[in-house]
Amino acid sequence: MTQETRTVLCMRDIKKSFSGVSALRGVDFELKASEIHALVGENGAGKSTLIKIMTGAYRRDSGVMDYGESPVTFQNPTEAQAVGIVAVYQEIQLVGFRTVAENIFLAREPHRFGIIDRRRMNTEASEILERLGLDIDPRSVVDSLNIAHRQMVAIARAISFGARVLILDEPTSSLTETEVSVLFNVMRRLKSEGTSIVYVSHRFEELYAVCDRVTVLRDGRNIITRSLATLNRLELVCSMLGRQPEEVSKGVTAFAGRSQNAVDRPVLLQAEALKYKKRLDGVSIEMRHGEIIGLAGLLGSGRSETVRTLFGAEPLEGGTVKLEGNLLSLRDPHDAIDVGIAFLSEDRKADGIIPELSVRENLTLAALPNLTQWGIVSRKRQNELVDRFMQRLGIKATSAEQKIHELSGGNQQKVLLARWLCKNTKLLLLDEPTRGIDVGAKGEIQRLIAELAEQGLGVVMISSEVEELVEGSQRVIVLRDGRSIAELSGEQKNIKAILHVMAEGADRQEAVKQSRTDNE
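So that you can map any letter, position 369 of the sequence shown is 369 in UniProt numbering, and since no number is skipped, the others follow by simple counting.
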């Protein structure tokens, strides 16, 4: 068996559950010697869980992991590091006030006569940095380095363990293009020396630039493992999203056939050139009252950051936001709520419901200031409000006093919608509003969103289900790498066009042209 085909790490039928919820459902993964292997998938696909099992941070429930030619089970990351499996995570874990050399050899400093041998430590750190082609002074304090150099120090630390398998989790999220190029040079150098790399990223350009093969995870299962040379970007997107564009037909959501005409209504929102850290770099949205705008894009495209910025949950670092022609300066969500902007988070359990409170308490949370006089909540007015919205939205509960965590996912989502409808809401920001709820409840939520839009409410909707965007939105804005790169409407707003833009970063005309060619 040649060096190029020898398997270094092999995981078979790996399963892992948390509190009865399956995170991995029999995943297979194989890493070859001197290979850079991409691991991709949307949120909740199982990437992080698989990596943590590789490194000993989690124990698998079942399955087999072979390292070299021997089965292994790591009790903790220290055991994995000891045999050469080391991870460098997106959040760089270094001690800022210590030097580069001290961080590389943290807790493993060389000693002489019982005292840390700093000369030897600096020399060995310098040798590792030179091996990686990095011009970094090992005596520099880490806090004095830029993000890219800190990332390289973290990799140097991993190499100091004698890493045979290096796991890089979203290493370029805060790097410039030049810095990414330096990282890739380091990766190629390590590969040439025999190090195998597992590379987690959502940026397709990077995958095709530096990776040999890719494994796609979806819903805790591995969908494909292929050479990137034989897999085009559209195929990769479809495998991540679980979509076969040619098999998707109209009428698969409750949005189908509903009125989508908002052209004669006044402009509601004008957001121009929104910027936030390196996650948003020029997103623009304009919409009218009663219009549903869909935001499409893969993980890391900037969809959630866009709506969180519009809600004041993330600080706007550039660009402008106008609501009904009035320039907004949103310091926090309170400012957004005051002007009529509401937000439903992707994670309703973490950012939406308060599990131990009742339906009544959760539903009226945002409206409490309007129901209070002299610091006392009017229970009568509160009950009237709750009764009205439970009936209007068809919320199924034993009573308004039932704890919200006892409700189904669909009914929890209805309560969160009702929370904002109690206010004078003009703009509703929805991040994956139908994720994690059953088919019947999904249809009810979709019909409700459409009805609210028909009544004049503006809706910005994020969804990973392309059909939902196509059938529910008047226009779809496609985001990629923090930029709005295409806007599709009318006949141009179709599944294949959206997927082509997401995959290739093409402009609208190219995507539509390609879509029509595929349909012929």
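Built from N, CA and C at the ideal position, the CB exists for glycine as well.
Remark: C-beta atoms of residue 418 and residue 358 do not approach each other more closely than 8 Å. For residue 272, the enclosing beta strand (DSSP E) stretches over residues 267–276.
Taken atom to atom, the span from the alpha-carbon of residue 84 to that of residue 9 is near 11 Å. In summary, residue 474 is buried, with 16 or more beta-carbon neighbours lying within 10 Å of its beta-carbon over all protein chains present. Residue pairing by DSSP places residue 24 opposite 16 in a beta bridge.
In this structure, residue 456 places its C-beta atom within 8 Å of the C-beta atom of residue 290. With a cut-off of 8 Å on Cβ pairs, the region 64–77 is not in contact with the region 315–331, counting fewer than three such pairs. Boundaries of the beta strand (DSSP E) around residue 321: 318–323. Cβ-Cβ separation between residue 485 and residue 476: approximately 12 Å, too far for a contact (criterion under 8 Å). Contact between residue 128 and residue 104 holds, since their C-beta atoms are separated by about 7 Å, short of 8 Å.
When C-beta atoms of the region 88–101 are compared with those of the region 131–144, three or more pairs fall below 8 Å, so the two segments count as touching.
For residue 215, the enclosing beta strand (DSSP E) starts and ends at 213–218. For residue 484, the enclosing beta strand (DSSP E) starts and ends at 483–489. Taking a cut-off of 8 Å on C-beta distances, the region 183–196 touches the region 151–170, as three or more cross pairs fall below it. Judged by DSSP secondary structure, residue 100 falls within the alpha helix (DSSP H) whose first and last residues are 100–104. In this structure the region 445–461 lies against the region 277–292, because at least three pairs of beta carbons, one per stretch, are closer than 8 Å. About 7 Å separates the Cβ atoms of residue 221 and residue 26, confirming a contact at the 8 Å cut-off.
Under the three-state reduction of DSSP output, residue 143 falls in the helix class. The DSSP-derived three-state label of residue 299 is coil.
Pairing residue 415 with residue 370 gives a Cβ-Cβ distance that is not under 8 Å. Measuring C-alpha to C-alpha distances from residue 29 to each of 243, 344, 37 identifies 37 as the nearest. When Cβ pairs closer than 8 Å are counted between the two stretches, the region 200–215 is seen not to touch the region 53–60, the count staying below three. Contact between residue 396 and residue 411 is confirmed by a C-beta separation of about 5 Å, below the 8 Å threshold.
Apart from sequence neighbours up to five positions away, the residues of its chain that approach residue 364 with a beta-carbon distance below 7 Å are 371, 382, 385, 386, 422, ordered along the chain.
As DSSP reads the structure, residue 10 sits in a beta bridge with 30, 66. Bridge partners of residue 343 according to DSSP: 429. Taking all protein chains in view, the Cβ of residue 446 is crowded by 16 or more other Cβ atoms within 10 Å, so the residue is classified as buried.
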